[in-house]
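S.K.: Structure incoming, see below.
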Amino acid sequence: MQEGTTDRRGRSHPPQCTTSREDRQVVRMAVTHRSVTSRTVAQHIESVTHHSVSAGTNRYRLKQSGLSARCPLLGLSLTQNHRRLRRQWCDERRTRAAEWNEVVFTDESCICLQHHDGRIRVWRHRGESMLNSCVIHRHTGPAPGIMAWAGIGYHSHAPFSLSHCRYFKQPALHLRGVGASCPSLPSGLGRSHISIG
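Residue numbering for the sequence shown follows UniProt numbering, beginning at 1 and increasing consecutively.
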């Protein structure tokens, strides 16, 4: 062998403690009973084959087959009565397109510009907590920020609007066109916003 080269030799692996049949049984049990633990699978394999297999080995076999333990999605357990009532509610409203024409969907999002969320850290010695350089000063009045708001209906839409510090200084600004195009909006929803669109 030359200098600087490597030679890949066959490595000796410890003998596999489970057979391929037992591995298939582990996978089948996990797929059939999704919430079964690897310890329970190990106990079942031991009761069938009469030799012990660790829970870690079972987890490794499941991982080899592409299965991994994850948090389940949470859902509501619906009875037949729940399903019947939901179907009845949908059937009653199936032909009510005229009512949906009167609905306005709105959404707003507030972005706070000066907010201390507890993640800011300062380097200090013991006893220096009252130093001005170690104190974070926070805003005590109305939080300065930006509010984004928009609405949409079947036949109309409210223009996208933003508000910023003028939100507090000039509360008489109105969103253009909301009263005419969206009569279903509650009063005050479009108030104090600056129209962008």
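Beta carbons are placed, not taken as given, at the ideal position from N, Cα and C, and that holds for glycine.
Bear in mind the structure is a predicted one, so any value in this text is a computation, not a measurement.
Could you give the residue range of the alpha helix (DSSP H) that holds G153?
M.R.: Where G153 is concerned, there is no enclosing alpha helix (DSSP H), although the beta strand (DSSP E) it sits in stretches over 145–153.
S.K.: Rounded to whole angstroms, what's the CA-CA distance from H33 to H44? Just pull it up for me.
M.R.: 13 angstroms
S.K.: Taking the alpha carbon of A55 as the reference point, which residue from L67, L62, R70, R39 has its own alpha carbon closest?
M.R.: R39
S.K.: Who does F105 pair with in a DSSP beta bridge?
M.R.: I152
S.K.: If you compare alpha carbons, which of R24, D91, I111 is closest to G66?
M.R.: The shortest C-alpha separation from G66 is found at R24.
S.K.: Candidates H50, M130, D107, V135: which alpha carbon is nearest A150's?
M.R.: D107
S.K.: Considering only DSSP beta bridges, list what S35 is partnered with.
M.R.: None; S35 has no bridge partner.
S.K.: Please state if the CB of V48 and the CB of V26 are separated by a distance shorter than 8 angstroms.
M.R.: No, they are not a contact pair.
S.K.: Let me check understanding here. Comparing Cα to Cα, which of V31, H50, S156, E46 lies closest to V104?
M.R.: Comparing Cα positions, the closest option is S156.
S.K.: S68: buried (16+ other C-beta within 10 angstroms of its C-beta) or exposed?
M.R.: exposed
S.K.: Is V53 closer than 8 angstroms to E46 when the C-beta atoms are compared?
M.R.: yes
S.K.: Run through DSSP, which three-state label would H157 get?
M.R.: strand
S.K.: Thinking C-alpha only, which one of V135, I111, P159 is nearest I146?
M.R.: I111
S.K.: Please classify T19 as buried or exposed, where buried requires at least 16 neighbouring CB atoms within 10 angstroms.
M.R.: exposed
S.K.: Skipping 5 residues on each side, what residues in its chain have a beta carbon closer than 8 angstroms to that of R21?
M.R.: none
S.K.: For G127, count neighbouring Cβ atoms within 10 angstroms of its own Cβ and tell me buried if that reaches 16, exposed if not.
M.R.: exposed
S.K.: Report the residue from Q80, C17, D91, P159 whose alpha carbon sits nearest the alpha carbon of H51.
M.R.: C17
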